[in-house]
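Structure first, commentary second.
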Amino acid sequence: MVKNRLAAMINLTEDNAAFKPLTNTRPIAALPFAGRYRIIDFLLSSISHANVPSAALFIGDSGRAIYDHIRSGDAWDFDSHTQGGIFTFSQQNWKLSHHEENDYEDFYYNHRIYMHRSRASYVFVAGSKIIANIDIKSAHKQHLESGKDITVIYKVLDRNQIGKSHPFERSLQFNAERELVGVKENDQLTDEVMVNQSLNMYLLSIETVNEIIDQAIEDGVYTSLDQVIQRYLLNYSVNVYEYTGYIANIDSIESYYQANMDMLKRQNFSALFHTSQPVLTKSKYGSPTYYCEGSDVNSSIVATGSSIYGTVKNSVIHRRVKVNRNAVVKNSVIIQGTEIGEGAHVEYAIIDKDCIIQPNARVIGSPDNLIVIGKNTIIEAVEDQA
Numbered sequence: 359m360v361k362n363r364l365a366a367m368i369n370l371t372e373d374n375a376a377f378k379p380l381t382n383t384r385p386i387a388a389l390p391f392a393g394r395y396r397i398i399d400f401l402l403s404s405i406s407h408a409n410v411p412s413a414a415l416f417i418g419d420s421g422r423a424i425y426d427h428i429r430s431g432d433a434w435d436f437d438s439h440t441q442g443g444i445f446t447f448s449q450q451n452w453k454l455s456h457h458e459e460n461d462y463e464d465f466y467y468n469h470r471i472y473m474h475r476s477r478a479s480y481v482f483v484a485g486s487k488i489i490a491n492i493d494i495k496s497a498h499k500q501h502l503e504s505g506k507d508i509t510v511i512y513k514v515l516d517r518n519q520i521g522k523s524h525p526f527e528r529s530l531q532f533n534a535e536r537e538l539v540g541v542k543e544n545d546q547l548t549d550e551v552m553v554n555q556s557l558n559m560y561l562l563s564i565e566t567v568n569e570i571i572d573q574a575i576e577d578g579v580y581t582s583l584d585q586v587i588q589r590y591l592l593n594y595s596v597n598v599y600e601y602t603g604y605i606a607n608i609d610s611i612e613s614y615y616q617a618n619m620d621m622l623k624r625q626n627f628s629a630l631f632h633t634s635q636p637v638l639t640k641s642k643y644g645s646p647t648y649y650c651e652g653s654d655v656n657s658s659i660v661a662t663g664s665s666i667y668g669t670v671k672n673s674v675i676h677r678r679v680k681v682n683r684n685a686v687v688k689n690s691v692i693i694q695g696t697e698i699g700e701g702a703h704v705e706y707a708i709i710d711k712d713c714i715i716q717p718n719a720r721v722i723g724s725p726d727n728l729i730v731i732g733k734n735t736i737i738e739a740v741e742d743q744a
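Read in order, the letters of the sequence shown are residues 359 to 744 in my numbering.
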């Protein structure tokens with residue numbers, strides 16, 4: 359064990375049912391964001407900038423989309439560390455449902471093995487649906503100075519910003535000395551205007567993690583590690599670390615859409631990307647975006663490799679998207695490889711990758727009723743639309 363060395367464990371098993379069809383073949387963490395990123399890029403970047411040599415990812419299902427994106431972890435410099443790297447543990451959902459049958463293996467066996475082999479003395483534990491640019495090095499330093507058992511990272515939010523009620527979302531209750539005295543579920547909030555929202559991110563010693571796991575096994579609690587820590591949080595002395603940057607909690611289709619739209623505002627984009635910690639992602643080399651004479655693009659993010667012949671307004675366009683002549687895209691998120699046909703109209707929609715919106719087709723939602731089109735879908739024009 360190396361004194362003060364930090365390891366990282368990320369839970370990618372969050373319930374993604376509310377995101378379908380976008381999550382039919384990918385976890386929430388693999389959802390594309392802001393033209394060229396994936397949601398998991400933000401956590402991996404924060405971990406990398408803290409000089410954490412390795413990270414363990416606990417994936418709900420097969421993890422193919424995550425493996426394809428992360429590969430060796432070289433984009434985040436994990437492949438340059440001795441005894442470092444990205445370690446993946448898939449099929450956690452299957453393991454959870456069958457752990458009682460597998461009495462040869464502790465449900466938390468892989469957590470313990472990873473921590474032991476990391477030779478770390480502390481660990482950063484988090485879920486994977488928060489978009490933020492966290493200074494983990496600063497949080498770790500504060501944790502060591504505090505002398506407390508656990509540090510929890512939180513953000514002060516207007517109550518209207520905390521998103522939909524979720525069984526694992528919690529707000530922190532402080533006394534006058536800013537000491538943690540309670541944890542409240544979001545649906546139990548009453549008159550609070552501002553909320554100290556937990557980001558479900560923790561710093562603690564390997565020793566404390568193992569102690570919590572032992573208690574969980576004794577109590578018959580088998581779930582993701584971040585939720586286990588949250589369950590036993592008040593049994594320990596707790597330090598709190600306030601994050602003050604941009605944040606989005608991706609807990610619904612609506613919050614995913616809104617986070618993308620937030621990036622069209624310079625203040626939000628700069629707060630997330632223009633910091634001392636660049637957001638890292640897998641490099642993809644391609645041609646610059648082509649803007650045809652007569653195209654009209656305003657207040658939008660357009661990634662490389664795209665071809666714009668029509669109109670794009672207030673939208674996020676990912677790589678290799680083609681918007682044909684006389685096509686209109688407004689207030690929408692168009693994911694890579696999709697083609698918008700000539701004369702088509704797309705508004706208030708999320709179009710997943712490799713879709714074809716045929717000429718003169720209409721995909722028109724509203725702010726309160728977003729249209730979501732799954733991968734590889736062909737949308738034809740209806741005769742009375744043309």
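Just so you know, even glycine gets a beta-carbon here, dropped at the ideal spot from N, CA and C.
Everything numeric in this text was worked out from a predicted model, so none of it was measured.
Return the Cβ separation of residue i and residue j in integer angstroms, given the expectation that the two are a contact with Cβ distance under 8 Å.
{"i": "residue 436", "j": "residue 412", "result": "7 Å"}
{"i": "residue 714", "j": "residue 731", "result": "The Cβ separation is near 10 Å, so there is no contact."}
{"i": "residue 604", "j": "residue 629", "result": "4 Å"}
{"i": "residue 431", "j": "residue 675", "result": "With 8 Å as the limit, residue 431 and residue 675 do not qualify as a contact, their Cβ atoms being about 28 Å apart."}
Does the distance from the C-beta atom of residue i to that of residue j stay below 9 Å?
{"i": "residue 480", "j": "residue 568", "result": "no"}
{"i": "residue 538", "j": "residue 591", "result": "yes"}
{"i": "residue 556", "j": "residue 541", "result": "yes"}
{"i": "residue 536", "j": "residue 598", "result": "yes"}
{"i": "residue 653", "j": "residue 669", "result": "yes"}
{"i": "residue 718", "j": "residue 700", "result": "yes"}
{"i": "residue 589", "j": "residue 552", "result": "no"}
{"i": "residue 642", "j": "residue 664", "result": "no"}
{"i": "residue 478", "j": "residue 423", "result": "no"}
Could you have a look at residue i and say whether DSSP puts it in helix, strand or coil?
{"i": "residue 764", "result": "Because the chain in this structure spans residues 359 to 744, residue 764 falls outside the shown range and cannot be described."}
{"i": "residue 654", "result": "strand"}
{"i": "residue 669", "result": "strand"}
{"i": "residue 556", "result": "strand"}
{"i": "residue 635", "result": "coil"}
{"i": "residue 380", "result": "coil"}
{"i": "residue 469", "result": "helix"}
{"i": "residue 475", "result": "helix"}
{"i": "residue 589", "result": "helix"}
{"i": "residue 537", "result": "coil"}
Please return the same chain residues whose Cβ sits closer than 6 Å to the Cβ of residue i, not counting the five positions on each side in sequence.
{"i": "residue 366", "result": "405, 410, 413, 482"}
{"i": "residue 462", "result": "Confidence in residue 462 is poor, its pLDDT being 45 and thus under 50, which makes the residue's placement too unreliable to answer from."}
{"i": "residue 735", "result": "713"}
{"i": "residue 707", "result": "690, 721, 723, 729"}
{"i": "residue 434", "result": "402, 406, 638"}
{"i": "residue 694", "result": "676, 677, 678, 711"}
Skipping 5 residues on each side, what residues in its chain have a beta carbon closer than 7 Å to that of residue i?
{"i": "residue 554", "result": "512, 514, 529, 530, 532"}
{"i": "residue 376", "result": "610, 611"}
{"i": "residue 408", "result": "364, 494, 495, 498"}
Let me check you understand the geometry: is the CB of residue i closer than 8 Å to at least one non-hydrogen atom of the ligand FAD?
{"i": "residue 676", "result": "Among the components of this structure there are no ligands whatsoever, and the ligand FAD is therefore not found."}
Who are the Cβ neighbours of residue i in its own chain at under 8 Å, not counting the five residues just before and after it?
{"i": "residue 445", "result": "412, 413, 414, 415, 472"}
Could you tell me whether the segment 382-391 touches the segment 498-508, using the rule of 3 or more Cβ pairs below 8 Å?
no
If you pair each beta-carbon of the segment 593-612 with each one of the segment 682-690, do three or more pairs fall below 8 Å?
no
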